[in-house]
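Residue numbers (the numbering used here), protein chains in the order written: chain Y, 230 to 568; chain G, 200 to 450.
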């Protein structure tokens, strides 16, 4: 397993990139007015956002919020009822060399009897890439040793790596990943984070990665696009989201002088709930603030810990009640702060 | 297009489905040839005697009986994309999906041509050995070569029809079962019921018979007309499949 962001060898980089990434340059993804219904269920409603090069953008929302449907529309696999998705102005289906512009990890779809190397060679042939790319991307994702094995015998984590390898074949300027952490072990997730940051920050590629867990991508992404019930709930930088979240976190405190501490904190404008048994929940103050205040007042503490990070609280509030295929009417009430 | 055809051939030859179907076709055709030859000249079987032109025609056209396996080859070639969900990477690589269907039609016609050649050669060798042992191996004269060429063409066209049917139905099991039921239940009924027998010559089975058959049967088209009609069925299925099914959302 490779833990550091693996650099392709320089000569290889120039050989492929000069024809692809350099030619296409940085690619900006623009989504506008995307709408899709499956029967009576409105999966995606008038969704618009942009994905910038050189950054990792998190595409977040609860299960059933329309993330996968949106990504498949962006990639031309699902025909939208309305709206467009373009790569530097061109829809996916009109790209002259789609695999060299965009690589996508949507699901782990392989013929079980075909080896990983042969699976990749099929798409090398179809995309007009040299067959040697198959072995190169296998090295990149750390699957070289298993290249000749049937994909059907792969573990979930290996399948994710093979799907990623397929996406990397064309050395694309844009990488789209749908829940790529599913099935990866903690080491694999760590590796993936480093890899995606490397692709975006060091190589200037555009990376869009979806997840239903903010905590899973919070250390990786620079920007977030949050959807609920098929609508945009929030789009902005991770830093902005964090700034907003600092207000919302809660801290659990236990102290033999709980009442006195509560009074002290309330006097400073903090929101404090006494839970009985010498414990209290403080909202809007960091554990460091509270510890310092208790120390200067000489209040003894038995426990002091952050209960919710605030970030998750905000994410939960933004997406609450929008889990499963909410009806179109329900979506209208859930508009959070957009843009 | 050439690179897409090569991609389809790579798909075909990197799993073992083709080997199983080819072996099945070879065994089936050899068994038919042996069976026909063993009962040749038996008045109760109605099979002509070894050494006659009628026997040569019959024994050398048994290859066409493998049509169902070539149909399945084409069906699997198309529907495996949906069954194993590789339609996603395939259509991501080639977003113009009609090109994928065209590439498959060409690839399976090429592979079908090679496999059908094997089947026809096995057919001839088995007949030549068995009938030779009974006194008279069929000669490689123009008539017999034409019989074998018709079978060869029919098998190629059936693999093309399989791709078209698979594109139309997308569901592998459904397409195979549907194909079998049609070939072995629906068409024999149409063929035997007097009211519908007239339409039979325009159906795929009637077209196949026109192309390859040697038995006396209902009124049929000319061989070349039958071949064209059969190919037309395959291409129309592929066109309809592309317009109606393949373009649909891949969710």
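All residues carry an ideal CB built from backbone N, CA and C; glycine is no exception.
Anticipated Cβ contact below 8 Å, residue i with residue j, distance rounded
i	j	result
residue 324 of chain Y	residue 345 of chain Y	So it is not a contact: roughly 26 Å between Cβ atoms.
residue 258 of chain Y	residue 449 of chain Y	Incorrect: roughly 18 Å between the Cβ atoms, too far for contact.
residue 329 of chain G	residue 233 of chain G	6 Å
residue 432 of chain G	residue 387 of chain G	At roughly 18 Å, the Cβ-Cβ gap does not stay under 8 Å, so residue 432 of chain G and residue 387 of chain G are not in contact.
residue 444 of chain Y	residue 296 of chain Y	About 16 Å separates the two Cβ atoms, so there is no contact after all.
residue 528 of chain Y	residue 483 of chain Y	Contact flag wrong, Cβ pair sits at about 11 Å.
residue 300 of chain G	residue 437 of chain G	6 Å
residue 409 of chain Y	residue 421 of chain Y	6 Å
residue 314 of chain Y	residue 331 of chain Y	Their Cβ separation, rounded to whole angstroms, is 11 Å, which puts residue 314 of chain Y and residue 331 of chain Y out of contact at 8 Å.
residue 303 of chain G	residue 207 of chain G	5 Å
residue 434 of chain G	residue 428 of chain G	Not really, about 11 Å apart at Cβ, beyond 8 Å.
residue 487 of chain Y	residue 507 of chain Y	5 Å
residue 461 of chain Y	residue 276 of chain Y	6 Å
Beta-carbon contacts of residue i that lie in its chain and below 7 Å, excluding the five residues immediately before and after
i	result
residue 373 of chain G	none
residue 572 of chain Y	This structure gives no information on residue 572 of chain Y, because the portion of chain Y shown stretches from 230 to 568.
residue 241 of chain G	none
residue 470 of chain Y	453, 540 and 543
residue 375 of chain G	271 and 274
residue 319 of chain G	262, 347, 350 and 351
residue 366 of chain Y	349, 394, 397 and 398
residue 256 of chain Y	282, 316, 317, 330, 402, 403 and 435
Residues of its chain near residue i, where Cβ-Cβ distance is below 6 Å and the 5 sequence neighbours each way are ignored
i	result
residue 253 of chain G	247
residue 501 of chain Y	491, 494, 495, 509 and 511
residue 305 of chain G	204
residue 520 of chain Y	533
residue 220 of chain G	268 and 272
residue 544 of chain Y	443
residue 238 of chain G	244 and 246
residue 214 of chain G	none
residue 231 of chain G	261 and 264
Within 8 Å, strictly: CB atoms of residue i and residue j
i	j	result
residue 440 of chain G	residue 361 of chain G	no
residue 335 of chain Y	residue 301 of chain Y	yes
residue 328 of chain Y	residue 356 of chain Y	yes
residue 263 of chain G	residue 382 of chain G	no
residue 334 of chain G	residue 276 of chain G	no
residue 352 of chain G	residue 444 of chain G	no
residue 394 of chain Y	residue 349 of chain Y	yes
residue 349 of chain G	residue 410 of chain G	yes
residue 321 of chain G	residue 225 of chain G	yes
residue 184 of chain Y	residue 398 of chain Y	The structure shown does not extend to residue 184 of chain Y, since chain Y is modelled only from 230 to 568, so the question has no answer here.
residue 548 of chain Y	residue 290 of chain Y	yes
residue 407 of chain G	residue 310 of chain G	no
residue 382 of chain Y	residue 413 of chain Y	no
residue 459 of chain Y	residue 261 of chain Y	no
residue 287 of chain G	residue 517 of chain Y	no
residue 514 of chain Y	residue 526 of chain Y	no
Sequence-distant residues of the same chain with beta carbon closer than 8 Å to residue i, five excluded per side
i	result
residue 430 of chain G	356 and 359
residue 377 of chain Y	344, 345 and 346
residue 251 of chain Y	Residue placement at residue 251 of chain Y is flagged as unreliable, the pLDDT there being 37, under the threshold of 50; a coordinate-derived value is accordingly withheld.
residue 399 of chain G	386, 389, 390, 405 and 417
residue 451 of chain Y	284, 285, 286, 429, 466 and 467
residue 379 of chain Y	341, 342, 343 and 344
residue 289 of chain G	280 and 299
Counting only runs that start and end within the segment 411–441 of chain Y, where is the beta strand (DSSP E) found for 3 or more residues in a row?
435–440
The segment 316–337 of chain Y: positions lying closer than 7 Å to chain G by Cβ:
Listed by position, the residues of the segment 316–337 of chain Y near chain G (Cβ gap below 7 Å) are 321, 322, 327, 328, 333, 335 and 336.
Check each residue of the segment 203–227 of chain G: if its Cβ is closer than 7 Å to any Cβ of chain Y, include it; give the result in chain order.
Answer in chain order: 203, 205, 206, 209, 210, 213, 214 and 215.
Alpha helix (DSSP H) runs contained entirely in the segment 246–292 of chain G, provided each spans 4 or more residues
Qualifying alpha helix (DSSP H) stretches, in chain order: 252–259, 266–282 and 286–292.
Positions along the segment 453–467 of chain Y whose CB lies within less than 9 Å of some CB in chain G:
none
In chain order, each alpha helix (DSSP H) run of at least 4 residues that lies wholly inside the segment 349–425 of chain G:
Unbroken alpha helix (DSSP H) stretches of 4 residues or longer found wholly inside the segment 349–425 of chain G: 371–380, 386–391, 393–399 and 403–411, given in chain order.
With 8 Å as the limit, tell me which residues of the segment 235–269 of chain G have their beta carbon closer than that to any beta carbon of chain Y; keep them in chain order.
none
What are the residues in the segment 271–291 of chain G lying within 7 Å of chain Y by C-beta distance?
279, 283, 284, 285, 287, 288, 290 and 291
At a CB distance below 8 Å, what residues from the segment 301–313 of chain Y approach chain G? Give them in sequence order.
Hits within the stretch, in order: 301, 304, 305, 306, 307 and 308.
Could you tell me which uninterrupted alpha helix (DSSP H) segments, each at least 4 residues in length, are contained entirely in the segment 325–362 of chain Y, listed from first to last along the chain?
327–330 and 345–356
Interface positions of the segment 423–449 of chain G facing chain Y (Cβ-Cβ less than 9 Å), listed along the chain
446, 447, 448 and 449
Residues of the segment 378–407 of chain G in Cβ contact with chain Y at a cutoff of 9 Å, in chain order, please.
none
Can you give me, in chain order, the residues of the segment 287–316 of chain G that have a beta carbon less than 8 Å from any beta carbon in chain Y?
287, 288, 289, 290, 291, 292, 293, 294 and 295
Enumerate, from N- to C-terminal direction, the unbroken beta strand (DSSP E) stretches of 3 or more residues contained entirely within the segment 486–517 of chain Y.
Those beta strand (DSSP E) runs which fall completely within the segment 486–517 of chain Y and span 3+ residues are 500–505 and 508–512.
Hey, which unbroken runs of the alpha helix (DSSP H) at 4 residues or more fall wholly within the segment 205–239 of chain G?
216–237
Interface residues of the segment 386–417 of chain Y facing chain G [CB-CB below 7 Å]:
395
Against chain G: residues of the segment 350–377 of chain Y by CB proximity under 9 Å:
350, 351, 352, 353, 354, 355, 356 and 357
Beta strand (DSSP E) segments (min. 3 residues) lying fully within the segment 446–470 of chain Y:
452–457 and 460–466
Going along the chain, which unbroken runs of the beta strand (DSSP E) with 3 or more residues stay wholly within the segment 251–284 of chain Y?
258–267 and 270–280
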